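*Asks:* I'd like to ask some things about the structure below.
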Amino acid sequence: MKEELKNLGIRCGLEIHQQLSTGKLFCRCPSTIIEGEPDLRVKRKLRAVAGELGETDEAAEYESQKGKQFIYNFYRSANCLVELDEEPPHEPNQEAIATALQISIMLNAKPFPELQFMRKTVVDGSNTSGFQRTGLLAVNGKIEVSGKKVSIPTICLEEEAAKIVERTPNHDVYNLSRLGIPLVEIATGPELSSPEEVLSCAEKIGMILRSTGKVKRGIGTIRQDVNVSIAGGRRVEIKGAQELRMLPRIVEIEALRQKHILEIKEELKKRGIQKIESETKDITPALKNTKSKILRDALNRNGRIIGARLSGMKGLIGKELQPSKRLGTEMSEYAKKFGVSGILHSDELPGYGITEKEAEIIGNELSCSENDGFFIIASDSKMAREAAAAAIERAELSVDGVPQEVRKADADGTTSFMRPMSGSSRMYPETDVPPLKISAQKIRIPKLITEIADEYRERGLNSQMAEIVSKSAEREFFDRMVESCGNVEPRLIFSSIYVTPKDIKKRLGLDISGIGEREIEKALYALNEGKISKQAVSEALALVASGESIENAIKKFESISASEVEAKVREIIASFKSKLKPGEQLREGLVIGRVMAVLRGKADGKLIADIIKKNI
11 MKEELKNLGI RCGLEIHQQL STGKLFCRCP STIIEGEPDL RVKRKLRAVA GELGETDEAA
71 EYESQKGKQF IYNFYRSANC LVELDEEPPH EPNQEAIATA LQISIMLNAK PFPELQFMRK
131 TVVDGSNTSG FQRTGLLAVN GKIEVSGKKV SIPTICLEEE AAKIVERTPN HDVYNLSRLG
191 IPLVEIATGP ELSSPEEVLS CAEKIGMILR STGKVKRGIG TIRQDVNVSI AGGRRVEIKG
251 AQELRMLPRI VEIEALRQKH ILEIKEELKK RGIQKIESET KDITPALKNT KSKILRDALN
311 RNGRIIGARL SGMKGLIGKE LQPSKRLGTE MSEYAKKFGV SGILHSDELP GYGITEKEAE
371 IIGNELSCSE NDGFFIIASD SKMAREAAAA AIERAELSVD GVPQEVRKAD ADGTTSFMRP
431 MSGSSRMYPE TDVPPLKISA QKIRIPKLIT EIADEYRERG LNSQMAEIVS KSAEREFFDR
491 MVESCGNVEP RLIFSSIYVT PKDIKKRLGL DISGIGEREI EKALYALNEG KISKQAVSEA
551 LALVASGESI ENAIKKFESI SASEVEAKVR EIIASFKSKL KPGEQLREGL VIGRVMAVLR
611 GKADGKLIAD IIKKNI
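To convert, take the position in the sequence shown, counting from 1, and add 10; that gives the numbering used here.
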């Protein structure tokens with residue numbers, strides 16, 4: 011852990027969401043994500059409703075206030091009326107439940123005897139119904155990470171959301187083919203205390219999930235949300251970390267972000283600011299002659315310039331919280347949720363075409379004193395006022411320290427504001443799916459990938475090979491080839507499946523989509539039967555990548571006997587010797603090059619080399 015993080019009192023927990031490779035959870039549609047032109051487009055608007063206790067969730071209400079319209083792309087081959095919320099859900103997918111129970115047991119959790127699905131209010135458009143069905147499957151699990159016991163308080167089975175295609179200020183477009191894929195949600199306790207522990211924990215849970223052989227693979231099929239807090243800070247949920255390698259950086263940046271926010275809180279306290287006093291004003295007339303392109307563009311569209319004073323905030327709005335992101339950035343993120351392009355604030359002016367004189371005019375118009383800061387928004391009048399209120403809200407939170415909120419993981423490890431933290435008010439019972447009796451007694455528990463890797467090492471693979479095979483989707487194919495091809499070394503089978511196709515693509519620049527299990531299988535069977543040499547396997551597969559059938563490729567590289575090799579070698583040597591000048595010696599390299607060009611793939615390389623040395 012970096013020195014600057016050691017005394018921050020970091021506490022982290024993970025929420026891992028893994029898609030299962032079964033059919034969908036509440037209908038019989040396949041779990042296939044389809045892109046491209048949809049068969050139908052459906053338009054909806056969603057609104058927040060009260061939860062089980064009669065209260066409306068803050069996060070849901072926040073989303074509803076945006077008043078967005080949602081457009082859903084519907085695909086007949088992957089969707090039905092259930093995803094459109096035009097038909098009640100079907101009986102839950104039994105294979106998905108069994109797989110989730112497997113995972114629960116492997117995480118040492120205790121499954122419930124009954125599965126009761128709940129509705130979780132979601133009005134960001136990612137579900138046509140305005141809620142997500144989720145069921146609490148098991149509790150009180152635990153795993154060991156770096157010698158530390160990490161709790162697994164809950165394991166849930168839920169339906170995946172629709173996939174976002176496009177976001178605009180007025181509407182969002184979603185792909186419905188992903189909606190309803192079974193998703194296992196695993197939540198850890200907050201015992202993780204460093205970026206490195208977070209990564210180790212995610213890797214171990216990922217290994218356990220893959221060990222079932224029933225989880226989807228690839229980008230987007232697993233998501234890691236991480237909850238981070240430091241001493242004096244608050245829990246912040248960071249969503250959407252898809253690459254494991256980025257987790258430590260995300261945690262590190264968030265811990266330091268909270269540290270910097272607490273520094274702002276302390277500075278405000280020193281300045282005697284207990285509450286940020288703010289005042290908004292339409293200052294369009296004062297800037298009607300501005301040359302700033304940003305402001306002129308808004309004014310030319312009949313927009314207005316709305317400004318707000320922030321008491322005691324001078325020099326703090328521009329304080330860096332994350333790499334290249336400041337408090338002003340976070341205020342701008344709050345504002346952007348209402349459709350504006352952002353804010354301009356006092357700590358970055360003059361700039362953006364706004365002169366020093368104009369910055370002074372803005373301060374005077376907003377009645378700013380020496381320690382006050384300000385910001386302006388140029389947009390449609392109503393939109394600008396709503397956005398200004400949101401930016402003021404973020405500034406006011408600085409007095410209390412770290413806001414408890416949900417943030418999105420960005421590609422560089424920094425984060426952006428998404429919405430306020432959800433509460434318990436978003437949950438209420440699912441009335442369309444009756445409680446389901448479940449039992450873990452007959453659930454078969456698979457071997458862990460780590461145990462399988464140990465077995466491969468015992469069978470002759472090195473550690474790297476064993477790890478690759480144990481984690482791969484081609485593991486079953488590899489096992490079948492090892493069992494069927496007793497005359498072929500397992501390492502050569504490994505190379506043929508995992509290395510050779512990639513080498514052909516890299517070395518020859520060929521399209522390897524035509525090299526499938528069938529082609530590799532036929533090449534290995536031919537090798538096992540002695541029809542081709544070891545070298546011929548890669549040569550035959552290269553011909554397949556060039557458009558040849560595997561059957562014709564194998565014929566071109568059928569092995570010849572040692573006597574035929576020796577006859578060909580002698581013929582080539584005699585040809586070279588006939589062209590030598592008096593006193594000139596025959597070079598071995600010339601002979602090897604010519605022989606290999608003629609006999610490549612038709613005989614073992616060592617055999618050819620031995621025969622050349624014998625005859626030269």
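Every residue gets a Cβ at the ideal spot worked out from N, C-alpha and C, and that includes glycine.
Quick caveat: nothing in here was measured; it's all calculated off a predicted structure.
Please classify residue 382: is it buried, with 16 or more other beta-carbons within 10 angstroms of its beta-carbon, or exposed?
*Replies:* Residue 382 should be labelled buried.
*Asks:* Going by C-alpha distance, which of 479, 251, 274 and 408 is nearest residue 420?
*Replies:* When each option's Cα is compared against that of residue 420, the closest is 251.
*Asks:* Confirm, please, whether the CB-CB distance from residue 203 to residue 20 is below 7 Å.
*Replies:* Cβ atoms of residue 20 and residue 203: closer than 7 Å.
*Asks:* Suppose only complete runs of 3+ residues qualify. What are the beta strand (DSSP E) ranges in the region 32-94, listed by chain order?
*Replies:* Whole beta strand (DSSP E) segments, 3+ residues: 50-54 and 79-84.
*Asks:* Which residue's Cα is closest to the Cα of residue 627: 303, 26, 112 and 568?
*Replies:* The structure shown does not extend to residue 627, since the chain is modelled only from 11 to 626, so the question has no answer here.
*Asks:* Inspect the CB distances between the region 211-226 and the region 454-468 and report whether three or more fall short of 8 Å.
*Replies:* The region 211-226 is in contact with the region 454-468.
*Asks:* How about residue 469: is its C-beta nearer than 7 Å to some C-beta of chain C?
*Replies:* Of the chains in the structure shown, none is chain C; there is only one protein chain.
*Asks:* Run through the DSSP bridge pairs and tell me what residue 185 is partnered with.
*Replies:* Answer is 83 and 173.
*Asks:* For the candidate residues 271, 166 and 388, whose alpha-carbon lies nearest to that of residue 295?
*Replies:* Closest by alpha carbon: 388.
*Asks:* Is the region 342-356 touching the region 183-197 in the sense that three or more CB pairs, one from each, lie closer than 8 Å?
*Replies:* Because the criterion of three Cβ pairs below 8 Å is not met, the region 183-197 and the region 342-356 do not touch.
*Asks:* Tell me residue 425's beta-bridge partners as DSSP assigns them.
*Replies:* Its beta-bridge partners are 419.
*Asks:* Is it the case that the Cβ atoms of residue 114 and residue 167 are separated by a distance below 7 Å?
*Replies:* No. Outside cutoff.
*Asks:* DSSP three-state call for residue 211: helix, strand or coil?
*Replies:* It is helical.
*Asks:* Classify residue 415 as buried or exposed, calling it buried when 16 or more other Cβ atoms lie within 10 Å of its own Cβ.
*Replies:* Looking at its Cβ environment, which holds 16 or more other Cβ atoms inside 10 Å, residue 415 is buried.
*Asks:* In this structure, how does DSSP classify residue 109 when only helix, strand and coil are distinguished?
*Replies:* Residue state, collapsed to three classes: helix.
*Asks:* Give me the Cβ distance between residue 448 and residue 125, rounded to the nearest whole Å; I'm assuming they're in contact under 8 Å.
*Replies:* The pair is a contact, with the Cβ atoms about 5 Å apart (cut-off 8 Å).
*Asks:* Mind listing, in chain order, the continuous beta strand (DSSP E) runs of no fewer than 3 residues lying wholly within the region 233-313?
*Replies:* Fully enclosed beta strand (DSSP E) runs of 3 or longer: 246-251 and 288-292.
*Asks:* If you reduce the DSSP assignment to three classes, tell me which class residue 599 lands in.
*Replies:* In this structure, residue 599 counts as helix in the three-state DSSP scheme.
*Asks:* Measuring alpha carbon to alpha carbon, tell me which residue in 365, 350, 274 and 111 is nearest residue 326.
*Replies:* Closest by alpha carbon: 274.
*Asks:* Spell out the partners DSSP gives residue 153 in its beta bridges.
*Replies:* Its beta-bridge partners are 160.
*Asks:* From 462, 567 and 330, pick the residue whose C-alpha is nearest to that of residue 543; which is it?
*Replies:* Comparing Cα positions, the closest option is 567.
*Asks:* Where does residue 143 land, buried or exposed, given buried means 16+ other C-beta within 10 angstroms?
*Replies:* When all chains shown are included, residue 143 counts as buried.
*Asks:* Which residues does DSSP pair with residue 323 in a beta bridge?
*Replies:* In the DSSP output, where bridge partners are listed per residue, residue 323 has none listed.
*Asks:* Taking all protein chains shown into account, do 16 or more other C-beta atoms lie within 10 angstroms of the C-beta of residue 303, making it buried, or fewer, making it exposed?
*Replies:* Classification for residue 303: exposed.
*Asks:* Could you give the DSSP three-state label for residue 539: helix, strand or coil?
*Replies:* It is coil, neither helix nor strand.
*Asks:* For residue 532, I'd like the list of residues in its chain whose CB is within less than 8 Å of its CB, leaving aside the five on either flank, ordered along the chain.
*Replies:* Excluding sequence neighbours, residue 532 sits near 560, 561 and 564.
*Asks:* Counting along the chain, where does the alpha helix (DSSP H) carrying residue 453 start and finish?
*Replies:* First-last for residue 453: undefined, no H or E at that position.
*Asks:* Could you give the first and the last residue of the continuous beta strand (DSSP E) run that contains residue 127?
*Replies:* Taken as a continuous stretch (DSSP letters only), the beta strand (DSSP E) holding residue 127 covers 127-131.
*Asks:* Please classify residue 521: is it buried, with 16 or more other beta-carbons within 10 angstroms of its beta-carbon, or exposed?
*Replies:* The residue is exposed, with fewer than 16 neighbouring Cβ atoms inside 10 Å.
*Asks:* How many angstroms separate the CA atom of residue 243 from the CA atom of residue 428?
*Replies:* The straight-line gap from Cα to Cα measures roughly 18 Å.
*Asks:* Name the one or two DSSP bridge partners that residue 503 has.
*Replies:* None; residue 503 has no bridge partner.
*Asks:* Quick check on DSSP: helix, strand or coil for residue 337?
*Replies:* In this structure, residue 337 counts as helix in the three-state DSSP scheme.
*Asks:* On a CA-only basis, which of 395, 432 and 528 is nearest residue 72? Give me that one, please.
*Replies:* The shortest C-alpha separation from residue 72 is found at 432.
*Asks:* Check whether the Cβ atoms of residue 191 and residue 41 lie closer than 7 Å to each other.
*Replies:* Yes, the Cβ-Cβ distance between residue 191 and residue 41 is below 7 Å.
*Asks:* Who does residue 225 pair with in a DSSP beta bridge?
*Replies:* According to DSSP, which records beta bridges pairwise, residue 225 is partnered with 30.
*Asks:* Considering only residues of the same chain and omitting the five flanking positions on each side of residue 152, which have a CB-CB separation below 7 Å?
*Replies:* Correct list, in chain order: 118, 159, 160, 161 and 162.
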